[in-house]
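**Q**
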Amino acid sequence: MTPFALPDLPAPAGLYAERRARVAAALGPDGIALVPTAPERPRNRDSDHPYRHDSYFFYLTGFSEPNAWLAIAGDGGTTLFCQPKDAEREIWDGYRLGPDAAPAALGVDAAHSVAELDAKLPRLLENRDAVWFPFATHAGLEARVAGWLGAVRARTRAGALCPEAQHDLCGVLDEMRLFKDGHELGLMRRAAQISAQAHVRAMQASARWLRDGRPVREYHLDAELLHEFRLHGAEGPAYTSIVAAGANACVLHYRAGATPVLPDELVLIDAGCEYAGYAGDITRTFPAGGRFAGPQRDLYQLVLASQEAAIAATRAGQRFNDPHDATVRVLTQGLLDLGILDAATAGGLDDAIAQRAYAPFYMHRTGHWLGLDVHDCGSYVEPSEARQAVARTDPATGQPVVSRPSRILRPGMVLTVEPGLYVRPGPAVPEAFWNLGIRIEDDAVVTEGDAELTTRGVPVRIEEIEALMAE
Ligand code: GLY
Ligand code: MN
Ligand code: MN
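Counting in the working numbering, the sequence shown runs from 66 upward without gaps.
1. Roughly how many whole angstroms lie between the Cα atoms of Gly558 and Leu206?
2. Does the stretch 510-519 come into contact with the stretch 488-495, if we say contact requires no fewer than three beta-carbon pairs (one atom in each stretch) closer than 8 Å?
3. What does the alpha-carbon distance come out to for the pair Ile325 and Arg282?
4. Where do the N-terminal and C-terminal ends of the beta strand (DSSP E) with Leu401 fall, by residue?
5. Contact between the stretch 421-436 and the stretch 392-401 is defined here as three or more beta-carbon pairs at a separation below 8 Å; is this criterion met?
6. Three-state secondary structure (DSSP) at Pro68?
7. Rounded to the nearest angstrom, what separates Pro68 and Ser120 at their Cα positions?
8. With a cut-off of 6 Å, give the chain-ordered residues whose Cβ is closer than this to any heavy atom of ligand 2.
9. Would you verify that the beta carbon of Ala358 is, or is not, closer than 8 Å to some beta carbon of chain E?
10. Report, in whole angstroms, the separation of the C-beta atoms of Gly522 and Gln361, which I expect to be a contact under 8 Å.
11. Mind checking Gln464: buried by the 16 CB within 10 Å criterion, or exposed?
12. I want to know whether the stretch 402-420 touches the stretch 303-320 - three or more CB-CB distances under 8 Å.
13. Quick check on Phe426: does DSSP put it in helix, strand or coil?
14. For the beta strand (DSSP E) holding Asp151, just list the boundary residues, first then last.
15. Going by the C-beta, is Asp335 closer than 7 Å to any heavy atom of ligand 3?
16. Okay, do the stretch 256-273 and the stretch 230-248 touch, 3+ Cβ pairs below 8 Å being the bar?
17. In the DSSP assignment, the beta strand (DSSP E) including Phe351 goes from what residue to what residue?
18. Kindly indicate which residue of Met268, Ser260, Pro476 has the alpha-carbon position closest to the one of Gly247.
19. Taking Cβ to Cβ, would you say Asp335 is nearer than 8 Å to Val439?
20. Is the stretch 70-90 touching the stretch 209-219, taking contact as three or more C-beta pairs under 8 Å?
21. For Asp415, is the classification buried or exposed, using 16 other Cβ atoms within 10 angstroms of its Cβ as the cut-off for buried?
22. Quick one: Cα of Asp277 to Cα of Ala167, how far?
23. Grouping DSSP H, G and I as helix and E and B as strand, with all else coil, what is Asp194?
24. Using 8 Å as the threshold, is the stretch 136-152 in touch with the stretch 173-182, meaning 3 or more CB pairs across them?
25. For my contact list, Thr350 and Ile505 are in at a C-beta cut-off of 8 Å; report their separation, rounded to the angstrom.
26. Using DSSP's beta-bridge definition, name the partner residues of Arg457.
27. With contact counted as at least three CB pairs below 8 Å, one residue from each stretch, are the stretch 126-141 and the stretch 429-446 in contact?
28. For Met66 and Ala170, what's the separation of their Cα atoms in angstroms?
29. Would you say the beta carbon of Val439 comes nearer than 7 Å to a heavy atom of ligand 1?
30. Pick out the complete alpha helix (DSSP H) segments inside the stretch 260-298, 4 residues or longer, and give them in chain order.
31. Are Met253 and Val488 close, meaning C-beta to C-beta below 8 Å?
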């Protein structure tokens with residue numbers, strides 16, 4: 066059963082069963098794993114937020130109905146609990162797969178109504194040595210597991226064994242999800258392509274409307290993004306879109322508000338769609354009227370140069386931190402060159418980096434894993450080197466920090482590359498740069514060679530952006 070209309074990108078047969086088998090192998094023969102999907106979340110009175118399945122659950126089932134649980138036994142047996150067929154509820158809420166159809170549709174061995182969860186779960190846990198579930202991700206899950214284990218213990222006099230260990234399933238699933246398979250890469254390329262088209266649409270709308278003398282506000286551009294996402298079958302935004310005109314771009318988590326978009330100001334848009342469950346994540350910063358002015362151009366070129374350095378460092382064998390370090394080097398040198406950092410105070414390049422003098426203007430990291438979640442799961446520490454902790458003092462805060470060797474990039478990992486600069490007014494800052502906020506964000510698939518940038522359907526070079534906006 067495919068939850069979304071994807072005629073040209075169907076999941077290969079057996080994809081989810083193969084993922085479940087890999088989980089089973091990680092549990093050991095006597096373990097068992099439990100994975101609930103996400104709850105429905107009330108918005109107000111009897112209205113819910115739009116439903117979004119749990120990413121772990123979806124990764125293992127492709128099933129997007131609420132009120133469902135998956136159990137995977139270490140010997141490979143899989144059991145689904147799902148909403149029962151209900152003619153009355155299906156009139157109001159829509160089609161339900163139901164437990165009778167679930168084994169054939171989803172490839173699980175058995176399926177029951179979720180109403181039977183409390184009755185059946187203790188028997189599934191009985192005589193297992195360990196129960197695995199995602200820790201600290203579902204409110205109340207630990208207490209429910211404890212309740213089921215209590216029911217198992219009540220039967221120990223009858224000879225049942227109760228699992229003695231509880232393990233976090235997140236580590237197993239995070240490691241699997243960190244490496245995208247061919248099906249996932251296909252969906253992520255589509256999410257990236259639609260997201261890029263949406264940025265092009267918003268840029269062109271901005272320039273066209275301003276040329277026509279029409280007032281433009283941030284929410285107009287937000288509407289253009291949403292239109293393009295839905296037009297191409299995306300579920301919607303993968304996260305709350307940022308559409309920030311002028312000084313609003315210096316607020317990192319700004320949303321699309323009602324601020325007028327002025328022709329001589331920059332607009333920063335950070336937006337990506339969710340397509341078949343997978344996120345795109347793109348930021349572009351462009352002149353609302355279509356032409357970069359002097360200081361905007363200088364700062365933009367600096368961020369772009371830092372992104373190019375980061376992309377060059379995004380390849381198999383490099384570390385996750387390498388693109389960030391490359392970014393910081395280019396940005397810091399540029400801030401010194403432009404006089405935004407004062408060399409007399411900050412010192413030379415290496416001193417300025419060591420003292421994190423760039424931090425008032427660049428306060429976030431250069432990327433994150435991307436996948437089903439926009440800030441996707443996966444350890445940022447290289448697992449084989451996790452014990453190599455180094456303690457030091459952060460020069461900027463004076464606080465002790467412990468760091469471990471960062472993750473070695475491998476083919477199939479997907480991450481963003483998103484340097485930026487945010488210049489707030491300040492007495493030591495040249496006024497020409499005040500209130501400029503610039504970020505350039507692309508999505509990158511790690512390969513053996515150059516990173517595959519999936520989001521360049523929307524350009525980054527100044528002359529290409531200006532040409533696009535002149536159309
Ligand atoms: N939009 C979230 C991020 O770029 O990380
Ligand atoms: Mn991002
Ligand atoms: Mn983003």
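Built from N, CA and C at the ideal position, the CB exists for glycine as well.
A quick note: this is a predicted structure, and the numbers were derived from the prediction, not measured.
**A** The relevant details are as follows:
1. Outside the displayed span of the chain (66 to 536) sits residue 558, for which this structure offers no information.
2. no
3. For the purposes of this step, residue 325 is taken as residue 260 along the sequence shown, with counting starting at 1. For the purposes of this step, residue 282 is taken as residue 217 along the sequence shown, with counting starting at 1. According to the sequence shown, residue 325 is Pro rather than Ile. Straight-line Cα distance between these residues: approximately 4 Å.
4. By 1-based counting over the sequence shown, the position of residue 401 is 336. Not the beta strand (DSSP E): Leu401 falls in the alpha helix (DSSP H), residues 386-402.
5. yes
6. The count along the sequence shown starts at 1 and reaches residue 68 at position 3. Interpretation of Pro68 is limited by its pLDDT of 45, a score under 50 that renders its predicted location unreliable; no figure is taken from the coordinates.
7. Within the sequence shown, the letter at position 3 stands for residue 68. Within the sequence shown, the letter at position 55 stands for residue 120. The pLDDT assigned to Pro68 is 45, lower than 50, so where the model puts this residue is not dependable; a value taken from the coordinates is nonetheless given after this. Going from the Cα of Pro68 to the Cα of Ser120 covers about 14 Å.
8. Counting every residue whose Cβ lies closer than 6 Å to a heavy atom of ligand 2, we get Asp346, His433, Thr481, Glu483, Glu506.
9. In the displayed structure, chain E is absent; only one protein chain is listed.
10. Along the sequence shown, read from residue 1 onward, the residue named residue 522 stands at position 457. Along the sequence shown, read from residue 1 onward, the residue named residue 361 stands at position 296. About 23 Å separates the two Cβ atoms, so there is no contact after all.
11. Here the question's residue 464 lines up with position 399 in the sequence shown. Its Cβ having fewer than 16 others within 10 Å, Gln464 is exposed.
12. no
13. Position 361 of the sequence shown, counting from 1, holds the residue named residue 426. Here Phe426 sits in coil by DSSP.
14. Along the sequence shown, read from residue 1 onward, the residue named residue 151 stands at position 86. Looking at the DSSP string, Asp151 is not in any beta strand (DSSP E), and its letter there is neither H nor E.
15. The residue you call residue 335 lines up with position 270 of the sequence shown. It does: the Cβ of Asp335 is within 7 Å (strictly closer) of some heavy atom of ligand 3.
16. no
17. What you label residue 351 is simply residue 286 of the sequence shown in a count that begins at 1. Per DSSP, Phe351 belongs to the beta strand (DSSP E) from 347-352.
18. Working through the sequence shown from its first residue, we reach residue 247 at position 182. Measuring from the Cα of Gly247, the nearest candidate turns out to be Pro476.
19. Taking the first residue of the sequence shown as 1, we reach residue 335 at position 270. Taking the first residue of the sequence shown as 1, we reach residue 439 at position 374. No, the Cβ-Cβ distance between Asp335 and Val439 is not below 8 Å.
20. At 8 Å Cβ cutoff, the stretches do not touch.
21. By one-based count along the sequence shown, residue 415 stands at place 350. Exposed, by the Cβ-count rule.
22. Within the sequence shown, the letter at position 212 stands for residue 277. Within the sequence shown, the letter at position 102 stands for residue 167. Approximately 55 Å, taken between the alpha carbons.
23. If you number the sequence shown from 1, residue 194 lands on position 129. Looking at Asp194 - three-state DSSP - the assignment turns out to be coil, as it is neither helix nor strand.
24. Yes: at least three Cβ pairs fall under 8 Å.
25. For this step, residue 350 is matched to residue 285 along the sequence shown. For this step, residue 505 is matched to residue 440 along the sequence shown. Confirmed, Cβ separation roughly 7 Å.
26. Counting from one through the sequence shown, the residue named residue 457 turns up at place 392. In DSSP, Arg457 forms a bridge with Val466.
27. no
28. Within the sequence shown, the letter at position 1 stands for residue 66. Within the sequence shown, the letter at position 105 stands for residue 170. Interpretation of Met66 is limited by its pLDDT of 36, a score under 50 that renders its predicted location unreliable; no figure is taken from the coordinates.
29. Position 374 of the sequence shown, counting from 1, holds the residue named residue 439. Within the cutoff, so yes.
30. For the stretch 260-298, whole alpha helix (DSSP H) runs of length 4 or above, ordered along the chain, are 283-296.
31. For the purposes of this step, residue 253 is identified with residue 188 of the sequence shown, where counting begins at 1. For the purposes of this step, residue 488 is identified with residue 423 of the sequence shown, where counting begins at 1. The Cβ atoms of Met253 and Val488 lie no closer than 8 Å to each other.
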